[in-house]
Amino acid sequence: YSTFQGNIKWPKTSLTYRIENYTPDMAVQDVDRALERALQVWAKVTPLRFTRIYSGTADIMISFGAGVHGDYYPFDGPDGTLAHAFAPSEGIGGDAHFDEDETFTSGSMGYNLFLVAAHEFGHSLGLSHSTDPGALMFPVYSYVDPDTFSLPQDDIKGIQFLYGPNPDVDGGNPDPNPGPTTPNACDPRLSLDAATTLRGEKILFKGSFFWRSFSQSSQVEQHRIKYFWPELPDNIDAAYESLESDRVYLFKGNQVWALFGYDIVQGYPKSITTLGLPRSVTKIDAAVYDEQSRKALFFTGNQIYSYDEATRKVDQGFPKSIKDVFPGIGNKVDAALQDRGFTYLFNGQYMMEYSYTRRALRVLYTNYFLGC
Amino acid sequence: ACSLPIALPSTAKNDEEVAEAYLKRFFNLTTPEGPIQRRRISPMTEKVREMQRFFGLKVTGTLDSDTMQMMNKPRCGVPDVAQ
Chain P
77 YSTFQGNIKW PKTSLTYRIE NYTPDMAVQD VDRALERALQ VWAKVTPLRF
127 TRIYSGTADI MISFGAGVHG DYYPFDGPDG TLAHAFAPSE GIGGDAHFDE
177 DETFTSGSMG YNLFLVAAHE FGHSLGLSHS TDPGALMFPV YSYVDPDTFS
227 LPQDDIKGIQ FLYGPNPDVD GGNPDPNPGP TTPNACDPRL SLDAATTLRG
277 EKILFKGSFF WRSFSQSSQV EQHRIKYFWP ELPDNIDAAY ESLESDRVYL
327 FKGNQVWALF GYDIVQGYPK SITTLGLPRS VTKIDAAVYD EQSRKALFFT
377 GNQIYSYDEA TRKVDQGFPK SIKDVFPGIG NKVDAALQDR GFTYLFNGQY
427 MMEYSYTRRA LRVLYTNYFL GC
Chain C
660 ACSLPIALPS TAKNDEEVAE AYLKRFFNLT TPEGPIQRRR ISPMTEKVRE
710 MQRFFGLKVT GTLDSDTMQM MNKPRCGVPD VAQ
């Protein structure tokens, strides 16, 4: 997180706000509710309390305007800049302006007013932008379900640095249930949901996020899954890159999605039964394309299936027990990928490296590819 | 003369314009006034790198597609670095 220069904040904890005008995109009561909820996001974790006033000058004046709208920072039409707000101070300080050229909604279409407002009110209270891609104060908009929204831990730490915790919760002790945290690549206990190659990159999934590891550089990028692919679910089960079809397949539950490069393939998700897997397979834990046998390997429970994409059939003699095919990895596999002839199987915080003859070579940490 | 970022062959002119406007607005890129000092690296390249570091992108100093994609994402209008 970051704060403004001098850690400027309000010298009081009771603040007023006033909604000066409304967007025609939403019903008045929906705007009222979205803005009130957005302020409560911050009240819940601090001593700050907000009172609405209907005339005069409030600490936080809220308005909708397009283009040049009365300050030195004109808006830019649809998309681009969605809104801005001013750091705590007298006058324009604390005020929040929303670009009327956007379409604000209560749902996932357009831009969700609650999410945009919760971010802007973070500025109104003294937070600047965060570099944490999972933080509410990350500058780029990404949709998350408002009904399950929970203020990320990075933002809680930032706002409590300025105002301290909510004295009405646990007597002001730090919240025992911290907000959601963005997966830390350098956590030695890191485990993965899924892993795949993608045209020379390695893509490692965890929760709502993924890392991009570039073979030619040690740098690793972390993004929200929905930053690149709004259509994909969080908490992916498995993923693999098919060298037959130049597609990446991603699995969750009994559904499969497909990517062509970084583009989502239309017509998905489909049921995994379309892959010709037996109906007894209701979920895939990990998947990898084996260049040696030119088969897709699916791991489910303590079993492994070898699948022929051309005939869309499971090979004779499968399923087999994982430990008979890949000795040493144990009874389950969280994720799998193949790179330069080596197969990497992930189980919890460890990853095993196998030669193309499936001889176990090394035991490594799961975050081996994450540049720690 | 200051060197402009290494323009990838595919870098459209308007990418540079988009990038310059973005970096001025959010990363405090200023257009050097007065005699152009001989600089090893242009202010624009420095700011491209600063932006790439902020967003956790590969730090190349060039307007690669990932960087341009990030610049074109809908976002908050408050600058990312102190003005």
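As they're listed, the protein sequences go chains P and C. Counting in this note's numbering, the first sequence runs from 77 upward without gaps. Counting in this note's numbering, the second sequence runs from 660 upward without gaps. For glycine and all other residues, C-beta sits at the position ideal for the given N, C-alpha and C.
Distance from the CA atom of residue 275 of chain P to the CA atom of residue 337 of chain P, rounded to whole angstroms, is 7 angstroms.
Against residue 187 of chain P, the close residues of chain C are 733, in the order they occur along the chain (beta-carbon pairs closer than 9 angstroms). In this structure, residue 715 of chain C sits near residue 298 of chain P, with a CB-CB distance shorter than 9 angstroms.
Taking 9 angstroms as the CB threshold, residue 80 of chain P lines the interface with chain C. Relative to the Cα of residue 735 of chain C, the nearest Cα in the group P:119, P:123, P:131, P:203 belongs to P:203. At a cut-off of 9 angstroms between beta-carbon atoms, residue 706 of chain C makes no contact with chain P.
Against chain C, a Cβ distance below 7 angstroms from residue 145 of chain P picks out nothing, because the smallest value is about 11 angstroms.
The beta carbon of residue 738 of chain C sits closer than 6 angstroms to the beta carbons of 685 from its chain, once the five residues preceding and following it are set aside; these are given in chain order.
Residues 93, 126, 197 of the same chain have their beta carbon placed closer than 7 angstroms to that of residue 115 of chain P, with the five preceding and five following residues left out of the count. Comparing alpha carbon positions, the residue from P:322, P:341, P:317 closest to residue 305 of chain P is P:341. Assigned with DSSP and collapsed to three states, residue 288 of chain P falls in strand. Look at residue 717 of chain C: its C-beta is under 9 angstroms from a C-beta on chain P. A direct Cα-to-Cα measurement between residue 145 of chain P and residue 208 of chain P gives close to 31 angstroms. Going by beta carbons, residue 311 of chain P and residue 122 of chain P fall outside the 9 angstroms limit. The beta carbon of residue 186 of chain P is closer than 8 angstroms to those of 101, 178, 179, 180 in its chain, skipping five residues each way along the sequence. Contact annotation: residue 372 of chain P and residue 316 of chain P have beta-carbon atoms nearer than 9 angstroms. Taking a cut-off of 8 angstroms for Cβ pairs, the stretch 420-436 of chain P and the stretch 395-411 of chain P touch, as three or more such pairs fall below it. DSSP, reduced to helix, strand and coil, places residue 173 of chain P within a strand of the structure shown. Distance from the CA atom of residue 277 of chain P to the CA atom of residue 377 of chain P, rounded to whole angstroms, is 27 angstroms. For residue 159 of chain P, the neighbours in chain C by C-beta distance under 8 angstroms run, in chain order, 735, 736.
By the C-beta criterion, the stretch 361-372 of chain P is judged to be in contact with the stretch 314-334 of chain P, since at least 3 inter-stretch pairs fall below 8 angstroms. For secondary structure counted as the beta strand (DSSP E) over 3 or more consecutive residues, the stretch 104-171 of chain P holds these complete runs in sequence order: 125-128, 136-141, 157-161.
Each of P:271, P:111, P:286 was checked against the Cα of residue 412 of chain P, and the nearest Cα belongs to P:271. Nearest Cα to residue 282 of chain P within the set P:259, P:230, P:296, P:265: P:259. The bridge partners DSSP lists for residue 203 of chain P are P:79. Residue environment: residue 164 of chain P is assigned as buried (16 or more neighbouring CB atoms within 10 Å of its CB, all protein chains considered). For the pair residue 302 of chain P and residue 218 of chain P, the CB atoms are nearer than the 9 angstroms cut-off. By the Cβ neighbour-count rule, residue 288 of chain P is buried, with 16 or more other Cβ atoms within 10 Å of its own.
Of all residues in the stretch 342-373 of chain P, none comes within less than 7 angstroms of chain C when Cβ atoms are compared. For the pair residue 107 of chain P and residue 141 of chain P, the Cα-to-Cα distance works out to about 15 angstroms. Residue contact with chain C for residue 229 of chain P: absent (no Cβ-Cβ distance below 9 angstroms to any residue of chain C). Cα atoms of residue 90 of chain P and residue 134 of chain P: separation of roughly 11 angstroms, rounded to the nearest angstrom. Not flagged as an interface residue toward chain C: residue 225 of chain P, since no C-beta distance is shorter than 9 angstroms.
Just measuring C-alpha positions, the residue of P:130, P:131, P:161, P:117 sitting nearest residue 80 of chain P is P:161. By the neighbour-count definition (other C-beta atoms within 10 Å, threshold 16), residue 176 of chain P is a buried residue. Chain C places no beta carbon closer than 9 angstroms to that of residue 220 of chain P, leaving this residue out of the contacts.
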